[in-house]
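Presented below is the structure to which this report refers.
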Amino acid sequence: MVAALAAGAVLTACSDGLAQPQADGKGGGIGGAPRTSKEAPRPMDVELATSDPRQSGGVVAAGDQDAVYNYGPTVMRDGGKLRMWWCSQYGSAQPAGDDILYAQSSSLDGPFTGPSGGGPAAVFSGAPGGFDGMHTCDPSVLKVGSMYYMYYTGASGDHALGNSIGLATSTDGLSWTRANGGQPIVGPAHDVHRANVYGAGQPSAVYLDGWFYLIFTDTTAKAAGWNGAGQFLLRAKDAAFSKGVETLGEQGFVAKPSTISPRTRSLVDGFSTDLMWVGALDAFVIAHETDTGTTLTFWTRDFTAQPYRQALIPGAWKEGPGLVRRPDGHAPLSSGDVCERVPFDVVRATVVGGAGAPTDLEHFGMDVRGSRACDSDARTRTAFEGVAMPSPQRTIDLVADGKLVRVDRRSVAAVLAGEVLDQRLKAVEKFPQAARLSAGARMVRAPGRGFGVVLDGKMFAVPDAGAAALNDSAVEEISDQAWDGFPAGFSLAG
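Written out as structure tokens, the structure reads:
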């Protein structure tokens, strides 16, 4: 039985009907360039127009075998397919407890099937003896460079405050290896102990400007509501949050020695949310469930203000939404008007099944109109950061740091880009070309700096060695001092 429902009734959140059964608490378990002074101040509290509501005709994904619940999905547009991981349970996947399933589809309306075309596969389960010895649930998956990162809730049993957040990595999204020595990367803060004894979990991650952002539930946080509702944010340039951690508080991001520190600021009064960066709106969005559907709450890049009023994707729900995102956790571009429209699509559980847990994953969505993503140079750079598309020379242009990097091989561009288009966008024609990444270009690694590629005598950071093999480039080991001797370029991913 799903651990998060192991003991007790659902609690209601502080306001706005933000009820979330999976953190109800009586059991463990489970882009762009900065604005210049010449630009006008950004309008705030703008009301967004919405259109094109959509909904699947029924269930789009479900576990087979003996799976009786399906919830907490993360949905990725990865190349030419949609990939989804979610929380369920197979008796065949030991130990007994929550498992993370995987399936894929060519359409958001499904059906989502396993990697071989059959039923969804259980790709991640508990590790006996570990903090996640019984339950693994609530996945949030990113792909940065050639590596997949899965943030998840883990628990060893149903005892109080048993939930913590772990990280696993993969090169294909199917076979996963626990990071951080199998230890959790985020645990409960223990600021306040409430009747809700869930702990820390329900993570969602985004990669932006070289930072990993992680939003999550912590029922022990100082700023959580009376029932434990609340969403807290960390960021670090290290995927495992083992160093350089910054916590979002009342005064903005503050450096902390670890992920365990007083949590004094909550961004949303709710449980089980999903986070996404929307370049076309120059804003983060948090998707969370309210009485009549999924509410979208927007924040500026530094989380100091709300630039847009909340929007709503209506319809039935019973457990947290999974936004349809690019591999880096950014919003995909519209298939129609990229300068004026942004698609928001979610997959969420819609009923409580016979086992008393959420199930029946369905797709809901709508477009936001009037994004004005091409109104100024700064907005255009932000909107299309990390996008690759054909160049006039039968190569691929990657938008990075508001400039174009011409890449000889599409496979290399695909590893570096968050999204690869089949047609060129007129909006990028004004961007200057900064460099060319030719086949066999010099790639290096420094122990304290990471991986980079030398283009026109400048050092450009890349996330890992994945692009090197695709580019027929050997990785040369150099010192940090040698790295620092190159004129600095910019990051070619995120």
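Going by the numbering used here, the final residue of the sequence shown carries number 1560, and the count climbs one at a time with no gaps. Even glycine gets a Cβ: it sits at the ideal position worked out from N, Cα and C. On a predicted model such as this, the values are computed, not experimentally measured, just so you know.
Rounded distance between the beta-carbons of residue j and residue i, thought under 8 Å
{"i": "P1205", "j": "T1140", "result": "5 Å"}
{"i": "R1120", "j": "V1390", "result": "About 11 Å separates the two Cβ atoms, so there is no contact after all."}
{"i": "A1483", "j": "A1505", "result": "Not a contact, Cβ separation roughly 17 Å."}
{"i": "I1281", "j": "V1252", "result": "Actually they are not in contact, since the Cβ atoms of I1281 and V1252 sit about 11 Å apart, beyond 8 Å."}
{"i": "A1500", "j": "G1516", "result": "Contact flag wrong, Cβ pair sits at about 20 Å."}
{"i": "M1342", "j": "G1395", "result": "6 Å"}
{"i": "Y1273", "j": "L1347", "result": "Not really, about 18 Å apart at Cβ, beyond 8 Å."}
{"i": "V1189", "j": "W1242", "result": "6 Å"}
{"i": "S1332", "j": "G1296", "result": "4 Å"}
{"i": "L1300", "j": "T1313", "result": "6 Å"}
Bridge partners - residue i, DSSP secondary structure assignment
{"i": "V1471", "result": "L1464, A1501"}
{"i": "D1340", "result": "A1353"}
{"i": "H1396", "result": "W1343"}
{"i": "R1391", "result": "M1142"}
{"i": "E1542", "result": "V1510"}
{"i": "R1244", "result": "A1234"}
{"i": "I1166", "result": "C1153, F1190"}
{"i": "C1203", "result": "T1219"}
{"i": "P1380", "result": "G1359"}
{"i": "E1495", "result": "Partner(s): none; E1495 has no beta bridge."}
{"i": "T1116", "result": "V1434"}
{"i": "W1549", "result": "Beta-bridge pairing links W1549 to no other residue."}
{"i": "S1171", "result": "L1148"}
{"i": "A1249", "result": "The residue asked about is misnamed: residue 1249 is Gln in this sequence, not Ala. Beta-bridge pairing links Q1249 to no other residue."}
{"i": "Q1051", "result": "The displayed coordinates of the chain run from 1067 to 1560. Any statement about residue 1051 would go beyond what the structure contains."}
{"i": "V1210", "result": "M1213"}
Cβ neighbours of residue i in the same chain (closer than 8 Å, five flanking residues each side left out)
{"i": "I1544", "result": "V1510, R1511, A1512"}
{"i": "S1103", "result": "With a pLDDT of 46 at S1103, under the threshold of 50, the modelled position of that residue is not reliable, and the figure given next carries that caveat. Excluding residues within five positions, none has a Cβ falling inside 8 Å."}
{"i": "A1106", "result": "none"}
{"i": "H1429", "result": "R1120, Q1121, S1122, V1126, L1174, D1175, G1176, D1411, V1412, V1413"}
{"i": "F1246", "result": "The identity of residue 1246 in the sequence shown is Asn, whereas the question assumes Phe. Counting only Cβ-Cβ distances below 8 Å, and skipping sequence neighbours, we find G1232, L1233, A1306, S1308."}
{"i": "A1187", "result": "L1167, Y1168, A1169, G1180, P1181, L1240"}
{"i": "K1524", "result": "A1501, F1552, P1553, A1554, G1555"}
{"i": "K1056", "result": "Any question about residue 1056 goes unanswered here, given that the chain covers just 1067 to 1560."}
{"i": "D1111", "result": "Q1372, P1373, Y1374, R1375"}
{"i": "L1148", "result": "V1141, M1142, Q1170, S1171, S1172, S1173, L1174, F1178, V1390"}
{"i": "K1288", "result": "A1255, D1257, V1258, P1328, R1329, T1330"}
{"i": "Q1489", "result": "M1455, P1456"}
{"i": "D1238", "result": "Y1214"}
Proximal residues to residue i (C-beta, below 7 Å), its chain only, five neighbours per side dropped
{"i": "S1081", "result": "Note on S1081: pLDDT 32, under 50, position unreliable in the model; no value is reported."}
{"i": "S1154", "result": "G1129, A1133, Y1135, N1136, D1165, L1167"}
{"i": "A1479", "result": "A1454, I1462, L1464, V1473, V1486"}
{"i": "S1158", "result": "Q1131"}
{"i": "P1250", "result": "F1197, G1220, S1230, I1231, G1232"}
{"i": "G1248", "result": "A1193, G1196"}
Proximity to residue i [Cα-Cα], best of the options
{"i": "S1236", "options": "K1322, Y1214, G1345", "result": "Y1214"}
{"i": "Q1317", "options": "T1330, P1323, S1241", "result": "T1330"}
{"i": "C1440", "options": "L1491, V1478, L1558, G1228", "result": "L1491"}
{"i": "D1368", "options": "T1360, A1289, D1275", "result": "D1275"}
{"i": "D1522", "options": "R1508, R1475, K1147, T1202", "result": "R1508"}
{"i": "L1503", "options": "K1322, G1514, V1520, E1495", "result": "V1520"}
{"i": "Q1160", "options": "G1145, G1199, G1138", "result": "G1199"}
{"i": "T1116", "options": "S1437, G1514, D1467", "result": "S1437"}
{"i": "A1559", "options": "E1542, G1468, A1548", "result": "G1468"}
{"i": "L1427", "options": "G1388, T1243, F1298", "result": "G1388"}
{"i": "D1530", "options": "M1150, G1518, A1540, D1538", "result": "G1518"}
{"i": "T1325", "options": "H1256, D1550, L1536, E1542", "result": "H1256"}
{"i": "P1393", "options": "L1536, F1278, K1303, L1470", "result": "F1278"}
{"i": "G1163", "options": "Q1547, H1201, P1398", "result": "H1201"}
{"i": "G1146", "options": "A1493, L1470, P1398", "result": "P1398"}
C-beta neighbour in chain B for residue i, strict 9 Å
{"i": "G1180", "result": "The structure shown contains no chain B; it is built from a single protein chain."}
6 Å CB neighbourhood of residue i in its chain, flanking five on each side removed
{"i": "G1098", "result": "Residue placement at G1098 is flagged as unreliable, the pLDDT there being 40, under the threshold of 50; the coordinate-derived value follows with that caveat. Within the same chain, G1098 has close Cβ partners R1447, T1448, E1451."}
{"i": "L1227", "result": "P1254, V1263, G1265"}
{"i": "L1378", "result": "G1359, T1361"}
{"i": "E1113", "result": "R1375"}
{"i": "P1409", "result": "S1400, D1433"}
{"i": "G1532", "result": "G1211, S1212, V1481"}
{"i": "A1534", "result": "M1509, V1541"}
{"i": "G1185", "result": "D1130"}
{"i": "Q1547", "result": "none"}
{"i": "G1315", "result": "T1330, R1331"}
- Query: Quick check: the segment 1330–1340 against the segment 1353–1361, are there 3 or more CB pairs under 8 Å?
  - Reply: Result yes; three or more Cβ-Cβ pairs closer than 8 Å.
- Message: I want to know whether the segment 1408–1428 touches the segment 1379–1393 - three or more CB-CB distances under 8 Å.
- Response: As far as the Cβ criterion goes, the segment 1408–1428 touches the segment 1379–1393, which means the pair count is three or higher.
- Is the number of C-beta pairs between the segment 1443–1461 and the segment 1426–1435 that are closer than 8 Å three or more? Flag = no, the segment 1443–1461 and the segment 1426–1435 do not touch.
- Message: With three or more beta-carbon pairs closer than 8 Å as the criterion, would you say the segment 1165–1172 touches the segment 1420–1430?
- Response: No, the segment 1165–1172 does not touch the segment 1420–1430.
- Query: Okay, do the segment 1396–1416 and the segment 1437–1453 touch, 3+ Cβ pairs below 8 Å being the bar?
  - Reply: By the Cβ criterion, the segment 1396–1416 is in contact with the segment 1437–1453, since at least three pairs of Cβ atoms, one from each stretch, lie closer than 8 Å.
- Query: Hey, is the segment 1187–1207 in contact with the segment 1215–1231, meaning 3+ C-beta pairs nearer than 8 Å?
  - Reply: Cβ pair count under 8 Å is three or more, so yes.
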